[in-house]
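Residue numbers (mature numbering (1 follows the signal peptide of the UniProt record, and there is no 0)): -19 to -1, 1 to 199.
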């Protein structure tokens, strides 16, 4: 199960490039020096083991990620490797990029909570593989009051072949957001599940990141 490196490099980078999109949004947001910075806690799990982290925003808009606890040394080393390489996939928490996935002038229905429900093929960002995005279905819930994203889920309707000898049979990308300040929502949970094979070797990967205790940075 300790193949989180494969999941982050193969799924996020090779196929859908979500980590890159988070980085682009982050760079755009920190361009505004008036924006409030937030610290937060998070956990990351592969379904069996878990690591708890603390993320602190620095004055130069970088992030310091500290391990608070872990229940498995092998899994911890995988997370520490990600942190040592910059930790980009762990230090981006804005939900702004999700809005751009919804096509302009998309029709919507009203859900049981009164919020807007969108069903669509997601819009690829710069650098994304348009052929892959055409194979995805997405559902988004948008707040009727604030217009902020509440949740978004993307799944594949066909098998995805992101790279040579790599096949993704099932892909689920699920993001849940929550408001942390006026006009700004941040991740509450990010879940990525991938089933497929690489060079005929099956893999079944899961990553769940949960975010909590958002507070203004000192």
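In this text, a Cβ means the ideal position worked out from N, Cα and C, and glycines have one as well.
What first and last residue would you give for the alpha helix (DSSP H) that runs through residue i?
i, result
"residue 65", "54 to 65"
"residue 78", "77 to 80"
"residue 113", "111 to 114"
Can you look up residue i in the DSSP assignment and give me helix, strand or coil?
i, result
"residue 169", "strand"
"residue 71", "helix"
"residue 102", "coil"
"residue 89", "strand"
"residue 194", "strand"
"residue 9", "Unreliable positioning characterises residue 9 in this predicted model, as indicated by a pLDDT of 38, which lies under 50. A coordinate reading is not provided."
"residue -11", "Here the model assigns residue -11 a pLDDT of 40, short of 50, so the residue's position is not dependable, and the following value carries that caveat. Correct three-state label for residue -11: helix."
Compute the distance between the beta-carbons of residue i and residue j, then report whether it is under 8 angstroms.
i, j, result
"residue 49", "residue 34", "yes"
"residue 134", "residue 154", "yes"
"residue 119", "residue 101", "yes"
"residue 193", "residue 22", "yes"
"residue 74", "residue 187", "no"
"residue 152", "residue 123", "no"
"residue 111", "residue 132", "no"
"residue 199", "residue 177", "no"
"residue 38", "residue 18", "yes"
"residue 117", "residue 90", "no"
"residue 121", "residue 83", "yes"
"residue 180", "residue 146", "yes"
Between which two residues does the beta strand (DSSP E) carrying residue i extend?
i, result
"residue 22", "19 to 26"
"residue 51", "44 to 51"
"residue 38", "31 to 38"
Can you give the beta carbon distance from residue i to residue j, rounded, assuming they're within the 8 angstroms contact cut?
i, j, result
"residue 36", "residue 44", "5 angstroms"
"residue 206", "residue 30", "It is not possible to answer for residue 206, since the shown part of the chain is limited to -19 through 199."
"residue 171", "residue 130", "Between residue 130 and residue 171 the Cβ distance is about 13 angstroms, and since that is not below 8 angstroms, they are no contact."
"residue 189", "residue 65", "With a Cβ gap of about 22 angstroms, residue 189 and residue 65 do not count as contacting."
"residue 265", "residue 96", "This structure leaves residue 265 out entirely; the chain is present only between -19 and 199."
Which full runs of the beta strand (DSSP E) of 3+ residues lie inside the region 118 to 188, going along the chain?
-> For the region 118 to 188, the full-length beta strand (DSSP E) segments reaching 3 residues or more read 130 to 137, 141 to 144, 147 to 162, 165 to 179 along the chain.
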